[in-house]
Amino acid sequence: MMDRNTIKDTGILEQYLLGELSEDQRTQVEDLLREDADLRDYLGKIEDDFEKIAFENAITPPAHIKSNVLNHITDTDEEVIIIPRPQKNQLVTYLAIAAGLAMVFMVSGLWLYTQWQDAKETLEVVQNQTNDLRDRIVSLENNLNETSKWYTAINNPNTVKLILKGNQISPTSSAITYVNHSEKTVILNPQGLTKLTDAETYQMWADVDGEMIDMGVIPSDQNMIVMKYIDNAESINITIEPKGGNDHPTVERLISNVLL
Amino acid sequence: MQDNLELIQRLQQKDSKALSEIYDHYSGALYGVILRICKNEAMAQDLLQETFVKIWEKSNQYDPKKGKFFTWSYRIAKNQTLNSLRNPNKLIQNEDLSVYINKTDEEPKIDIQELDGSLKQLEPHHQKALELVYFNGLTHREAHEEMNVPLGTFKSYVKQALKKLREVYQKELLILWVLTEMVI
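Order-wise, the sequence lines are chains V and P. Quick note on the UniProt record's numbering: the first sequence kicks off at 1 and runs consecutively. Quick note on the UniProt record's numbering: the second sequence kicks off at 1 and runs consecutively.
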């Protein structure tokens, strides 16, 4: 270790000043100088002495050296300025990448949007088809139920099938009735009857002890109709009546009758 | 002589005008040192240029707490010169080596052997001691061998020389002060 006096005596500060010390010694001297103001003053004096000698023995260098130095450092400065340029380029590169990515996102976004819209349309079509199919199933079910109902009624062993043939007033007409006495039902298929004008309609009657009793007006637009069952009827008759039906049959316009 | 810390700060902030001012102030003193160590003008000029480039590049490493700016610059100049003397091929690539060797033997146009100023008023062995370590770039160890005296003696030569110098300066200052007083 070095103390202040050793340092002054050994001339180590002079060597420090002249740059002769090793790294290790230099650090030690610098540590001591930091703590010791007196030693700092002493070094300051030696420094002043040496500086004075140097200035007294100065030799003016040729003028071009100064311009060389200044040119050199401005050249270096220019090189230093060049350094940000790659950074700028880098920025441009990053911006280009960012723009590219934005483009990709935009295009893919657009593509996804159209795909989504297509899917939505397809879904709507499928939904409509499903609704149609459901409606058709419902109507088919209804048809089936109705048909089964008619079928059950007609196929009953107690049911009697009677054909009502048209007379000279309506020779081409014919209708089919299904009568079930045990269940007291009458079903009519009026499809074979000749078409009437809009002001007229067919009406069905039952003959009970010479009296005609209304069984109902026959609508023109149905395949099968349930008519009223009348007890103790002897025959079934069909007449042409004004639209909406009549309380009493117009016997002159009777077109068909069948005995039970 | 106080250091102009504001100027040095500007240098550290890479103000080229500050370097220009610093060059004007210190180049002569540093050139004197470099030329006396290498004894070759062309080489000394290159070295002076390199020294100032280094001062510019390394200015941030200068710490005013560790010493004066000139001491720091002096060390750079001295190290540059001693290094290039050790590896002469690195420097002066444009010159023929034989020419360079011949040149070292020649006496430079400026008489660099002759030292000026207060040094002249010192006793010859004190003068020689300072010259060897300061202007010839020798270490204390090399210099004491050169002077053929023990290292301890050589060290005290340096110390005494500096002490004498200080006395000379103080005498000069006193005369200057008396003169200025008289003029006023």
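Every residue gets a Cβ at the ideal spot worked out from N, C-alpha and C, and that includes glycine.
Legend entry - Best match in E142(P), T153(P), D24(P), D116(P) for proximity to H125(P) [C-alpha to C-alpha]: For the purposes of this step, residue 125(P) is identified with residue 125 of the second sequence, where counting begins at 1. When only C-alpha atoms are compared, the closest one is T153(P).
Inset, instruction - Go through its chain and collect everything with a Cβ distance to P64(P)'s Cβ below 8 Å, but skip five positions before and after it. - result: Taking the second sequence and counting its residues from 1, one reaches residue 64(P) at position 64. If we look at P64(P) and ignore the five residues flanking it on each side, its Cβ neighbours are D3, L5, I8.
Inset, instruction - Could you tell me the distance, in whole angstroms, from the CA atom of A143(P) to the CA atom of Q15(V)? - result: In the second sequence, counting from the first residue as 1, residue 143(P) sits at position 143. In the first sequence, counting from the first residue as 1, residue 15(V) sits at position 15. Using only the alpha carbons, I get a separation of about 12 Å.
Inset, instruction - May I ask you to list, following chain order, the residues of the segment 20-50 of chain V that have a beta carbon less than 9 Å from some beta carbon of chain P? - result: Among the residues of the segment 20-50 of chain V, those with a Cβ less than 9 Å away from any Cβ of chain P are E20, E30, L33, R34, R40, L43, G44, K45, I46, E47, D48, D49, F50, in the order of the chain.
Legend entry - Minimum length 4: unbroken alpha helix (DSSP H) runs contained in the segment 12-81 of chain P: The qualifying runs are 16-38, 41-57.
Legend entry - Simplified DSSP state of P124(P), which is helix, strand or coil: Position 124 of the second sequence, counted from the start, is the residue given in the question as residue 124(P). Helix.
Legend entry - Chain-ordered residues of the segment 127-146 of chain P with a beta carbon less than 8 Å from chain V: Taking 8 Å as the Cβ-Cβ cut-off against chain V, the residues of the segment 127-146 of chain P that qualify are L130, V133, Y134, F135, T139, H140.
Inset, instruction - Quick one: residues in its chain with C-beta nearer than 6 Å to the C-beta of D207(V), no 5 flanking neighbours on either side, listed in chain order? - result: As a first step, residue 207(V) must be located in the first sequence, where it is residue number 207. So the list reads E234, S235, once near-sequence residues are dropped.
Legend entry - Amino acids of chain P, ordered along the chain, whose beta-carbon sits closer than 7 Å to that of F55(V): In the first sequence, residue 55(V) corresponds to position 55, counting from 1. Those within 7 Å of F55(V) in chain P are A29.
Legend entry - Contacting residues, own chain, Cβ-Cβ under 6 Å from N257(V) (five flanking each side not counted): Counted from its first residue, the first sequence places residue 257(V) at position 257. Excluding residues within five positions, the ones whose Cβ falls inside 6 Å are S235, N237.
Legend entry - Closest residue to D209(V) among I230(V), L196(V), D36(V) (Cα-Cα distance): Position 209 of the first sequence, counted from the first residue, corresponds to residue 209(V). It is I230(V) whose Cα lies nearest to the Cα of D209(V).
Legend entry - Against chain P: residues of the segment 7-18 of chain V by CB proximity under 8 Å: Answer in chain order: T10, G11, E14, Q15, L17, L18.
Inset, instruction - Could you tell me the boundaries of the beta strand (DSSP E) in which A175(V) lies? - result: Translated into the one-based positions of the first sequence, residue 175(V) becomes position 175. If you look at A175(V), you'll find it in the beta strand (DSSP E) that goes 174-180.
Legend entry - DSSP three-state assignment for G152(P), whether helix, strand or coil: The residue you call residue 152(P) lines up with position 152 of the second sequence. G152(P): helix per DSSP, three-state reduction.
Legend entry - Same chain, Cβ closer than 8 Å to G244(V), five either side skipped, listed in chain order: Within the first sequence, numbered from 1, the residue matching residue 244(V) stands at position 244. The answer, listed in chain order, is T201, V217.
Inset, instruction - Tell me, please, which residues DSSP counts as bridged to S256(V). - result: As a working mapping, residue 256(V) is identified with position 256 in the first sequence. Note: S256(V) sits in a beta bridge opposite I238(V).
Inset, instruction - Could you please tell me which residues of the segment 23-49 of chain P, in chain order, have their CB closer than 7 Å to any CB of chain V? - result: Under the 7 Å Cβ criterion, the segment 23-49 of chain P contributes Y23, S27, G28, A29, Y31, G32, V33, L35, Q45, L48, Q49.
Inset, instruction - Mind listing the chain P neighbours of I73(V)? Cutoff is C-beta to C-beta under 9 Å, in chain order. - result: Position 73 of the first sequence, counted from the start, is the residue given in the question as residue 73(V). In chain order: K14, S16, L19, F52, V53, W56, E57.
Legend entry - Of the residues L35(P), L11(P), I76(P), K54(P), the one placed nearest L17(V), counting alpha carbons only: For this step, residue 17(V) is matched to residue 17 along the first sequence. Comparing Cα positions, the closest option is I76(P).
Inset, instruction - Could you have a look at K161(V) and say whether DSSP puts it in helix, strand or coil? - result: Working through the first sequence from its first residue, we reach residue 161(V) at position 161. The answer is strand: DSSP assigns K161(V) an E or B state.
Inset, instruction - Let me know the beta strand (DSSP E) ranges lying completely inside the UniProt domain "Anti-sigma K factor RskA C-terminal" (98-250) of chain V, each 3 residues or longer, listed in chain order. - result: Secondary structure remark: continuous beta strand (DSSP E) runs of at least 3 residues inside the UniProt domain "Anti-sigma K factor RskA C-terminal" (98-250) of chain V, in chain order: 159-165, 174-180, 185-189, 200-208, 211-218, 225-227, 235-242.
Inset, instruction - Please determine, among D48(V), K8(V), A63(V), G11(V), the residue with the shortest C-alpha to C-alpha distance to G28(P). - result: The sequence position of residue 28(P) within the second sequence is 28, counting from 1. When the alpha-carbon of G28(P) is set against those of D48(V), K8(V), A63(V), G11(V), the nearest one is in A63(V).
Inset, instruction - Spatial neighbours of A18(P) within its chain, please: CB distance less than 7 Å, with the 5 preceding and 5 following residues excluded, ordered by chain position. - result: Taking the second sequence and counting its residues from 1, one reaches residue 18(P) at position 18. Here the set comprises L7, R10, L11.
Inset, instruction - Excluding the 5 residues preceding and the 5 following N167(V) in the sequence, name in chain order all residues of the same chain whose CB lies nearer than 7 Å to its CB. - result: Taking the first sequence and counting its residues from 1, one reaches residue 167(V) at position 167. Excluding sequence neighbours, N167(V) sits near I255, S256.
Legend entry - Contacting positions in the segment 159-173 of chain P - beta carbon closer than 7 Å to chain V: For the segment 159-173 of chain P, residues whose beta-carbon sits nearer than 7 Å to a beta-carbon of chain V comprise K159, L162, L165, R166, Y169.
Legend entry - Cβ-Cβ distance between M227(V) and L260(V) below 7 Å: Within the first sequence, numbered from 1, the residue matching residue 227(V) stands at position 227. Within the first sequence, numbered from 1, the residue matching residue 260(V) stands at position 260. L260(V) is positioned such that its CB atom lies no closer than 7 Å to that of M227(V).
Legend entry - Member of A37(V), Y42(V), I137(V) whose CA lies at the smallest distance from the CA of I12(V): Within the first sequence, the letter at position 12 stands for residue 12(V). Across the set A37(V), Y42(V), I137(V), the C-alpha of Y42(V) shows the shortest separation from the C-alpha of I12(V).
Legend entry - Closer than 8 Å at the beta carbon, the chain V residues around S118(P): Within the second sequence, residue 118(P) is the residue found at index 118, counting from 1. What S118(P) touches in chain V, judged by beta-carbon distance under 8 Å, is K52, I53, E56, going in chain order.
Legend entry - Where S118(P) falls: helix, strand or coil (DSSP): On the second sequence, residue 118(P) is found 118 positions in, with the first residue counted as 1. Looking at S118(P) - three-state DSSP - the assignment turns out to be helix.
Legend entry - Proximity test, Cβ basis, 7 Å: N5(V) and chain P: Sequence index remark: in the first sequence, residue 5(V) carries index 5 (1-based). No, because no Cβ of chain P sits closer than 7 Å to the Cβ of N5(V).
Legend entry - Coil, strand or helix - T6(V) by DSSP: Position 6 of the first sequence holds residue 6(V). If DSSP states are grouped into helix, strand and coil, T6(V) belongs with the helices.
Inset, instruction - Using a Cβ cut-off of 9 Å, pull out every chain V residue sitting near Y74(P), in sequence order please. - result: For this step, residue 74(P) is matched to residue 74 along the second sequence. Neighbourhood of Y74(P) in chain V, by CB distance below 9 Å: L17, L18, G19, F50, E51, A54, in chain order.
Inset, instruction - Tell whether a beta-carbon distance below 7 Å holds between Y26(P) and L48(P). - result: Here residue 26(P) refers to the residue found at position 26 when the second sequence is read from its first residue. Here residue 48(P) refers to the residue found at position 48 when the second sequence is read from its first residue. For Y26(P) and L48(P), no; Cβs fall outside 7 Å.
Legend entry - Whole-Å CB distance - I53(V) paired with L174(P), under 8 Å assumed: The count along the first sequence starts at 1 and reaches residue 53(V) at position 53. The count along the second sequence starts at 1 and reaches residue 174(P) at position 174. Separation of the CB atoms of I53(V) and L174(P) is rounded to 20 Å, and the pair is thereby denied contact status at 8 Å.
Inset, instruction - Measure the C-alpha to C-alpha separation of P171(V) and L123(V) and round it to an integer number of angstroms. - result: The count along the first sequence starts at 1 and reaches residue 171(V) at position 171. The count along the first sequence starts at 1 and reaches residue 123(V) at position 123. Rounded to whole angstroms, P171(V) to L123(V) spans 57 Å at the Cα level.
Legend entry - Proximal residues of chain V, C-beta to C-beta of V153(P) below 7 Å: Residue 153(P) sits at position 153 when you count from the first residue of the second sequence. In the sequence as presented, Val is not what sits at residue 153(P); that position holds Thr. Within chain V, no residue comes near T153(P); the closest Cβ sits about 11 Å away, beyond 7 Å.
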